[in-house]
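Structure first, then comments.
In the numbering used here, the protein residues as written are 259 to 894.
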């Protein structure tokens, strides 16, 4: 049965009658407030998400359209290069000679341009034999520099522009310092995609071609190129191209337009990752590999494609594989997806020029943050109202508390004193008397309790005296009057009360019997008083050697029994030997008024065949007689 204090019982009834109805009404109003507020917020969020979805989709389409336009512009620029470079080979004989003083051979046999005169760099593979006519062609291609420079400097999307000759030389802008050490010294231009993808076999229409993303041999990282073939009549003189780094693509496409801190990723038609924004790494559990770190003096001897790196369709998360598979296959997919226990809106659009896909994931929390902020404001307002109500009721409860306190005190205080008095009944210290409180029934109870306490105290004093006498007499009966150690009567009680428990345990019991050598001669020579002094000295030394839980029993005269619970015979003999050594040390330092004495000891261990401790003592007695027979002052 649950119990309640009288004071709480009174408060409980006050609360039921005074505040319950008011509290119920206010709780109902608060519930209505929070319910309506939550519904308004949810409606606002759904409306906002619908508008944002249209807005973001429109933004992505516009971004893709802008990107397509940029790629078209760059493609048109490549045609300008094509026209200029083909005209060069058509009319090269009419051009004036250029000064070749800034060209020289490197130690690896590469012929290169070593000084930057605000133009393009030049690299000629050491596989090529350079004669006079070849040098003239190389020098005259400096006419390309102005156009190459203009394309790169005036378009922030373009990283580099170049001409690659079938004769394994490259005119490349911006200028490459130590160009001889950038490419392999035996550079074979036909091994690279930015050349062979524009040849007659792969591009019979002789149009501009967009390459797959590859690793730039010139050290610019992952690269995308638009290349055009340069024909002299029907002969492929070389390929001119414009480079765009993946880093620039990410900056200009993925990070420029899409709002709400979108996680965007650029994929090719195979699902290979071309580039991604930094926050996509956490959203999709990917590692950005767009920034390639070249080793010192690393040479790229063949085309390395980006598609050979991580493919989104190989992602360890099945959900991500399924989503992007639908995007790449242009199947219907859900705009709302869950990743890492967060809700995202997914948008995708294809860049037709390169067959790439831009996929953007926007965390719904980023969109709804303002609405959630407003929701938080109204919630905090509600909490403020609740806090105000709590403060009001606290003040009201304090008022009720003081109103009830006087009434409770008259009843509770005398009852508390009675409770306290019951704790002291039976104590040696007399309990103080209960005083009248003015309430008839309680005063009558106080009077009866005082009378009962007096009688109990008197009976308690008599009982204590009786128990003290019994305990004192029992102690006298079990204790030797001279040495204050146990006597034979204690041994009988020990056998009955303690030995069964000790002997039944696995810890065992050992003992030894001590007898003072030639004690009769000591009594005859020095008198019984001096003999008693020897006995008390022996007891004192024994106490210094044994443990606190060991027992000393005086069997009679000068013979003592030492009981060692939780011990074996080996430890028993160690203690006995120590006792003999202590007595011998005492004899060596003997004072003139002290009597020299020695002891003999018989030891024994309780065996499982013993009928009781008496059998063990008898065995120790036999060993004692042997010790006496062997010359005394020893242990057997």
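Backbone N, C-alpha and C fix where the C-beta goes; we use that ideal spot for every residue, glycine too.
So residue 337 packs on residue 466, CB below 8 Å; how close in whole Å? To locate residue 337, count along the chain shown from 1; it is residue 79. To locate residue 466, count along the chain shown from 1; it is residue 208. For residue 337 against residue 466, the beta-carbon gap comes to about 6 Å, under 8 Å, which counts as contact.
| If you run the structure through DSSP and keep just helix, strand and coil, what is residue 772? | Residue mapping note: residue 772 aligns to position 514 of the chain shown, counting from 1. Here residue 772 sits in strand by DSSP.
Item to check | Any alpha helix (DSSP H) of 4 or more consecutive residues that is wholly inside the region 632-679 | outcome: none
| request: Select from 890, 767, 566 and 825 the residue whose C-alpha is nearest the C-alpha of residue 472. | output: Here residue 472 corresponds to residue number 214 of the chain shown, with the count starting at 1. Checked all of 890, 767, 566 and 825; the closest Cα to residue 472 is 566.
In this structure, how does DSSP classify residue 887 when only helix, strand and coil are distinguished?
Here residue 887 is taken as the residue at index 629 of the chain shown, counted from 1. Three-state result, residue 887: helix.
Near residue 402, what residues of its chain come up, given a Cβ to Cβ distance below 6 Å and the 5 sequence neighbours on each side ignored?
The count along the chain shown starts at 1 and reaches residue 402 at position 144. Excluding residues within five positions, the ones whose Cβ falls inside 6 Å are 421 and 429.
Review point. If we ignore side chains and look at the alpha-carbon of each, how far apart do residue 783 and residue 858 end up?
Key: Position 525 of the chain shown, counted from the start, is the residue given in the question as residue 783. Position 600 of the chain shown, counted from the start, is the residue given in the question as residue 858. Each residue's alpha carbon lies about 20 Å from the other.
- Message: Please give the ranges of any beta strand (DSSP E) in the region 511-556, keeping only runs that are unbroken, at least 3 residues long and fully inside the region.
- Response: 521-525 and 531-534
| query | What residue does the beta strand (DSSP E) around residue 469 start on, and which one ends it? | reply | As a working mapping, residue 469 is identified with position 211 in the chain shown. No beta strand (DSSP E) holds residue 469; DSSP gives it neither H nor E.
Give the secondary structure of residue 595 by DSSP, where H, G and I count as helix, E and B as strand, and everything else as coil.
By one-based count along the chain shown, residue 595 stands at place 337. In this structure, residue 595 counts as strand in the three-state DSSP scheme.
- Whole-number beta carbon distance between residue 542 and residue 578, since they are thought to touch under 8 Å: Mapped onto the chain shown, residue 578 falls at position 320. Mapped onto the chain shown, residue 542 falls at position 284. The Cβ separation is near 6 Å, so the contact holds.
Could you check how far apart the C-beta atoms of residue 532 and residue 614 are, in whole angstroms? I think they sit under 8 Å.
In the chain shown, the residue the question calls residue 532 occupies position 274. In the chain shown, the residue the question calls residue 614 occupies position 356. The Cβ separation is near 7 Å, so the contact holds.
For this session: Spatial neighbours of residue 883 within its chain, please: CB distance less than 6 Å, with the 5 preceding and 5 following residues excluded, ordered by chain position.
Result: The sequence position of residue 883 within the chain shown is 625, counting from 1. No residues qualify anywhere along the chain.
*asked:* What residue range does the beta strand (DSSP E) around residue 858 cover?
replied: Here residue 858 refers to the residue found at position 600 when the chain shown is read from its first residue. 857-863 is the span of the beta strand (DSSP E), which, as asked, contains residue 858.
- Item | residue 889 classed as buried or exposed, judged by whether at least 16 other C-beta atoms fall within 10 angstroms | Position 631 of the chain shown holds residue 889. The residue is exposed, with fewer than 16 neighbouring Cβ atoms inside 10 Å.
Residues sharing a beta bridge with residue 481, DSSP: As a first step, residue 481 is located in the chain shown; it is residue number 223 there, counting from the start. Beta-bridge pairing links residue 481 to 472 and 503.
Worksheet item: If you scan the region 353-404 from start to end, which runs of the beta strand (DSSP E) of 3 or more residues do you find wholly inside it?
Response: 361-363, 369-371 and 379-382
- Message: Please report the straight-line C-alpha distance between residue 427 and residue 498, rounded to a whole angstrom.
- Response: In the chain shown, counting from the first residue as 1, residue 427 sits at position 169. In the chain shown, counting from the first residue as 1, residue 498 sits at position 240. Each residue's Cα considered, the two are about 12 Å apart.
**Item:** Backbone secondary structure at residue 848 - three-state DSSP
**Value:** The residue you call residue 848 lines up with position 590 of the chain shown. It is coil, neither helix nor strand.
For residue 791, the three-state DSSP class (helix, strand or coil) = Translated into the one-based positions of the chain shown, residue 791 becomes position 533. Per DSSP, reduced to three states, the secondary structure at residue 791 is helical.
>> Judging by CA-CA distance, which residue of 445, 483, 374 and 368 is the nearest neighbour of residue 330?
In response: Against the chain shown, residue 330 aligns to sequence position 72. Taking only the C-alpha atoms, the option nearest residue 330 is 483.
key: Supposed contact pair residue 378 and residue 370 - C-beta distance, whole angstroms, cut 8 Å   = As a position in the chain shown, residue 370 is number 112, starting the count at 1. As a position in the chain shown, residue 378 is number 120, starting the count at 1. Their Cβ separation, rounded to whole angstroms, is 12 Å, which puts residue 370 and residue 378 out of contact at 8 Å.
### Query
Do three or more CB pairs link the region 606-623 to the region 311-327 at distances below 8 Å?
yes
Open item on the list: Spatial neighbours of residue 686 within its chain, please: C-beta separation below 7 Å, excluding the five flanking residues on both sides.
Closed with: Translated into positions along the chain shown, residue 686 becomes position 428. The pLDDT assigned to residue 686 is 48, lower than 50, so where the model puts this residue is not dependable, and the model offers no usable value.
* To do: State the CB to CB distance for the pair residue 318 and residue 605, rounded to an integer number of angstroms; the pair is presumed to be in contact (CB under 8 Å).
  => Position 60 of the chain shown holds residue 318. Position 347 of the chain shown holds residue 605. Yes, residue 318 and residue 605 are in contact; Cβ-Cβ is about 5 Å, under 8 Å.
Tell me the rounded alpha-carbon separation between residue 790 and residue 740. Looking up residue 790 in the chain shown gives position 532. Looking up residue 740 in the chain shown gives position 482. If I take the Cα positions, the gap works out to 8 Å.
By DSSP, does residue 429 sit in helix, in strand, or in coil?
Your numbering for residue 429 matches position 171 in the chain shown. Residue state, collapsed to three classes: strand.
What number of angstroms, rounded off, separates the C-alpha of residue 298 from the C-alpha of residue 622? Residue 298 sits at position 40 when you count from the first residue of the chain shown. Residue 622 sits at position 364 when you count from the first residue of the chain shown. A straight line joining the alpha-carbon of residue 298 with that of residue 622 spans about 18 Å.
Practice problem: Output yes or no for whether 8 Å exceeds the beta carbon distance between residue 864 and residue 871. | Solution: For this step, residue 864 is matched to residue 606 along the chain shown. For this step, residue 871 is matched to residue 613 along the chain shown. Yes, they are a contact pair.
Report task. Answer yes or no: do residue 409 and residue 335 have a C-beta to C-beta separation smaller than 8 Å? Result -> Numbered from 1 along the chain shown, position 151 holds the residue referred to as residue 409. Numbered from 1 along the chain shown, position 77 holds the residue referred to as residue 335. Yes; because the gap between Cβ atoms is below 8 Å, this pair is in contact.
query: From 521, 769 and 743, pick the residue whose C-alpha is nearest to that of residue 828; which is it?
result: If you number the chain shown from 1, residue 828 lands on position 570. Of 521, 769 and 743, the residue nearest in Cα terms is 769.
Tell me the rounded alpha-carbon separation between residue 374 and residue 439.
As a working mapping, residue 374 is identified with position 116 in the chain shown. As a working mapping, residue 439 is identified with position 181 in the chain shown. Distance between the alpha carbons of residue 374 and residue 439: 16 Å.
Quiz item: Got a sec, what are the start and stop residues for the alpha helix (DSSP H) residue 625 sits in?
Solution: Looking up residue 625 in the chain shown gives position 367. 622-625 is the span of the alpha helix (DSSP H), which, as asked, contains residue 625.
**Prompt:** Counting Cβ pairs, one atom from each stretch, are 3 or more of them under 8 Å apart for the region 589-605 and the region 550-558?
**Reply:** no
Boundaries of the beta strand (DSSP E) in which residue 606 is found, first to last residue: Within the chain shown, residue 606 is the residue found at index 348, counting from 1. Unbroken beta strand (DSSP E) run through residue 606: 600-609.
- request: Quick one: residues in its chain with C-beta nearer than 7 Å to the C-beta of residue 729, no 5 flanking neighbours on either side, listed in chain order?
  value: Counting from one through the chain shown, the residue named residue 729 turns up at place 471. In this prediction, residue 729 scores a pLDDT of 47, lower than 50, which makes its location untrustworthy; no coordinate-derived value is stated.
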